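Report on the structure given below.
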Amino acid sequence: MPSGRVRFVCHAALSAVMMAAASARAGDVFERGASGAGGQVAGALTGGWRLSLEPSIWAPGLGGDLGFGAGDFQVERLRVDDARASALLRVQARRGDLVLDASGFVFSFDDATRTDAVQSAGGLAFAAGDPARVRFDLVSAELTVGARVWGVSLPGPGAGRVVKIGVDAFGGLRAYSLDALVGSPGGGTRSGDGLWVEPIVGARLNVDLLNSAGFFLTLDAGAMPIGDHTSTSFDIVTGIQWRPLRLVGVQFGWRQLLVDLQDGDGAGRFEYDGALAGLFGSVVIRF
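Numbering (the working numbering), first residue to last: 236 to 522.
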């Protein structure tokens, strides 16, 4: 079963989705209040900050190797690499060129499966077709501070059309909490867990087209190589965005997170070296 922190983040994401639905129904009201006296009131309440909330559904497949002791289990050979809907939440605050960003996601499953190849790790062995249980609970959160380092506005096609291009650079921290288990009905189980925190740096490209649509690309990398408790990561997020209303929009895209999380060595080694990759969809609410 998912841990308490997993349930907490899931409940938070569900609450955010409910807020998104309410905001969409009230979109016309927000639109009328976004200028004039309404805009002045909103600006006073946020202290000049522009806020956005992005609840998302991400459906990544799991790939790579799950290691115990001297051996590794291939996720694909355990047949638990299907895409799974996961909750993701992002909150951003921008004031001038300064950008504050907080985000996190939950990826969790507990499956009964059958292996499709001979595998062994940590003294646990499977033949092709053997039944197995695989549990994988990953929670990740990150906090970054960034700034607009370059931007330009260009005339677009048609009267009044403007193409805006901006690049933000950022740095911060990303944390991972992983709890994993592989078990055999007759051969026991192997499990491991850990918490990793690493510094990250990255950049985000935003291109706004036709005043209400555009695309974006975010790249970042992180590492914390300390003894036998190490982590490295590379994250790619790209997609398109559309704002049917001034304060409510949607995003669709692809995210691929490559990670190597290791704790311990020798017989006590626990490691996940792989990737989560899949499509996502978001509702974007601006305040």
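Note that beta-carbon positions come from the ideal geometry of N, C-alpha and C, so glycine has one too.
Remember, it's a predicted structure, so these values are computed and weren't measured experimentally.
Starting from the Cα of residue i, find the closest Cα among the options and give me that residue.
i: Val341; options: Val353, Asp372, Ala363, Gly423; result: Asp372
i: Leu493; options: Ser466, Ser447, Val483; result: Ser466
i: Leu440; options: Leu452, Gly429, Ala448; result: Leu452
i: Ser426; options: Val436, Leu297, Arg504, Ala328; result: Arg504
i: Pro290; options: Met459, Leu413, Gly339; result: Gly339
i: Pro534; options: Phe344, Gln486, Val485; result: In the structure as shown, the chain begins at 236 and stops at 522. Residue 534 is therefore absent and cannot be evaluated.
i: Arg521; options: Trp284, Leu288, Gly283; result: Leu288
i: Leu444; options: Val436, Gln476, Leu413, Val472; result: Gln476
i: Pro460; options: Ala448, Leu313, Ile435; result: Ile435
i: Arg481; options: Ala502, Gly488, Ala448; result: Ala448
i: Ala360; options: Ala337, Thr424, Glu311; result: Thr424
i: Ala363; options: Asp317, Phe308, Gly437, Gly299; result: Phe308
i: Gly316; options: Asp300, Glu377, Gly437; result: Position check: residue 316 holds Asp in this sequence, whereas Gly was assumed. Of the candidates Asp300, Glu377, Gly437, the one whose C-alpha sits nearest the C-alpha of Asp316 is Asp300.
In this structure, what does DSSP give as the bridge partners for residue i?
i: Leu413; result: Leu373, Gly429
i: Pro392; result: According to DSSP, which records beta bridges pairwise, Pro392 is partnered with nothing at all.
i: Gly437; result: Phe405, Asp455
i: Gly499; result: Looking at the DSSP assignment, Gly499 forms no beta bridge with any residue, so it has no partner.
i: Thr350; result: In the DSSP output, where bridge partners are listed per residue, Thr350 has none listed.
i: Ser338; result: Arg325, Glu377
i: Ala367; result: Thr348
i: Ser343; result: Asp372
i: Leu514; result: Ala294, Trp489
i: Ala356; result: Leu359
i: Gly386; result: Gly401
i: Asp443; result: Lys399, Gly449
Can you grab the Cα-Cα spacing for the pair residue i / residue j, in whole Å?
i: Leu454; j: Asp365; result: 40 Å
i: Asp263; j: Ala356; result: Its pLDDT being 40, under 50, Asp263 is placed unreliably by the model, and the measurement read from it follows with that caveat. Going from the Cα of Asp263 to the Cα of Ala356 covers about 58 Å.
i: Trp431; j: Phe405; result: 20 Å
i: Leu408; j: Gly393; result: 43 Å
i: Leu514; j: Ile292; result: 9 Å
i: Asn446; j: Gly386; result: 15 Å
i: Gly509; j: Val326; result: 27 Å
i: Arg349; j: Arg314; result: 7 Å
i: Val485; j: Leu416; result: 36 Å
i: Arg396; j: Ser388; result: 10 Å
i: Arg285; j: Arg329; result: 5 Å
i: Val398; j: Gln354; result: 53 Å
i: Asp498; j: Arg312; result: 23 Å
i: Ala512; j: Leu297; result: 7 Å
i: Gly391; j: Asp351; result: 54 Å
i: Ala320; j: Ser517; result: 13 Å
i: Tyr411; j: Gly488; result: 23 Å
i: Gly474; j: Ala318; result: 18 Å
i: Ala458; j: Gly422; result: 35 Å
i: Ala400; j: Gly302; result: According to the sequence provided, residue 400 is Ile. The question's Ala does not apply to it. So the two alpha carbons sit approximately 43 Å from each other.
i: Val442; j: Phe450; result: 5 Å
i: Gly306; j: Ala502; result: 9 Å
i: Asp470; j: Val310; result: 20 Å
i: Pro479; j: Ala376; result: 29 Å
Can you tell me the Cβ-Cβ gap for residue i and residue j, rounded? I've got them flagged as a contact below 8 Å.
i: Ser468; j: Glu433; result: 7 Å
i: Val380; j: Val402; result: Incorrect: roughly 16 Å between the Cβ atoms, too far for contact.
i: Asn367; j: Ser419; result: For clarity, residue 367 is Ala in the given sequence; the question names Asn instead. The Cβ separation is near 6 Å, so the contact holds.
i: Asp346; j: Val369; result: 5 Å
i: Leu323; j: Leu413; result: In fact, because the Cβ distance is near 17 Å, the residues do not count as touching under 8 Å.
i: Val472; j: Arg490; result: 5 Å
i: Gly358; j: Gly304; result: 7 Å
i: Asp463; j: Asp428; result: Not a contact, Cβ separation roughly 15 Å.
i: Leu333; j: Ala382; result: 6 Å
i: Ala337; j: Leu378; result: 5 Å
Worksheet item: Whole alpha helix (DSSP H) runs in the stretch 296-323 with 4 or more residues, listed along the chain?
Response: 310-313
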